[in-house]
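Read the structure below first, then the notes.
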Amino acid sequence: YSEQGILFNEYAGNVCVEDLTADTVHGFRQYLKDIRNYNDVSTNTVYRTINIYLAWIYEEYGVGLFHLEYVKTVKKIKRIFSDDDIKKLTRKPDLNTCTYSELRDFLCVLISLNTGARAASIVNILQDDINYRDRTITFRHSKNGKQYVMPVPKYVVDSIRWYMEVVELPNDYLF
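Residue 71 is where the sequence shown starts when you use this note's numbering, and the numbers rise one by one after that.
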């Protein structure tokens, strides 16, 4: 939430809440679009936060301001990776020329493509969460707070094992 507040302050300056006008707040939309290059969905995310803040000001201080109207959005069709794209993303890095980042990113992409897990779930995988015998990964961190176990193909488990052999891990985390 603080990031959206910083954005608004960047646009409006250090203005007192009572001095906010509808023009100032609605001009914020043009600022997000023209200066910050935000799309409609991102603009609505920022507006959602600002509206919560405006409602809090009203409840806390009785200062009635206004409600930001959300931008009508059209969902874009996302480009699907081609088979060539997937091959490039999942090509095992050459140990003689790659960096740790390339190894880590290769494995993160491989796990993500095979489990559908979010980045936050993947970076929270512990070494003990890998079950080599059953070929599963336990995800202890998820968006809804529930743990879950996902099966993965043999080549993913083999890649994890290979990664753990070539990288010296400083703690219990896989990454």
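In this text, a Cβ means the ideal position worked out from N, Cα and C, and glycines have one as well.
Computed from a predicted model, the values in this text were never measured in an experiment.
T115 classed as buried or exposed, judged by whether at least 16 other C-beta atoms fall within 10 angstroms: As a first step, residue 115 is located in the sequence shown; it is residue number 45 there, counting from the start. With fewer than 16 other Cβ atoms within 10 Å, it is exposed.
Beta-carbon contacts of F176 that lie in its chain and below 7 Å, excluding the five residues immediately before and after: For the purposes of this step, residue 176 is taken as the residue at position 106 of the sequence shown. In chain order, K162 and P163 place their CB closer than 7 Å to the CB of F176, counting only its own chain and leaving out the 5 sequence neighbours on each side.
Alpha-carbon to alpha-carbon, A82 and Y123: In the sequence shown, counting from the first residue as 1, residue 123 sits at position 53. In the sequence shown, counting from the first residue as 1, residue 82 sits at position 12. Computed Cα separation, rounded: 15 Å.
Beta-carbon contacts of T208 that lie in its chain and below 6 Å, excluding the five residues immediately before and after: Taking the first residue of the sequence shown as 1, we reach residue 208 at position 138. These residues qualify, in order along the chain: D199 and V219.
For I122, the three-state DSSP class (helix, strand or coil): Against the sequence shown, residue 122 aligns to sequence position 52. Look at I122 here: in three-state DSSP terms it is helix.
The segment 127-134 / the segment 93-109 touching (three or more Cβ pairs under 8 Å): The segment 127-134 vs the segment 93-109: no contact.
Span separating the alpha-carbon of A190 from that of S72: In the sequence shown, the residue the question calls residue 190 occupies position 120. In the sequence shown, the residue the question calls residue 72 occupies position 2. Going by the C-alpha atoms only, they are around 20 Å apart.
Cβ separation of I195 and L244, assumed to be a contact under 8 Å, to the nearest whole Å: Position 125 of the sequence shown, counted from the first residue, corresponds to residue 195. Position 174 of the sequence shown, counted from the first residue, corresponds to residue 244. Right, their Cβ atoms sit about 4 Å apart.
Proximity of V226 and I181 at Cβ, strictly below 9 Å: Here residue 226 refers to the residue found at position 156 when the sequence shown is read from its first residue. Here residue 181 refers to the residue found at position 111 when the sequence shown is read from its first residue. Contact flag set, yes.
Nearest residue (CA-CA) to S171, options N79, Y233 and K146: Locating residue 171 in the sequence shown gives position 101, counting from the first residue. The residue with the shortest Cα to Cα distance from S171 is Y233.
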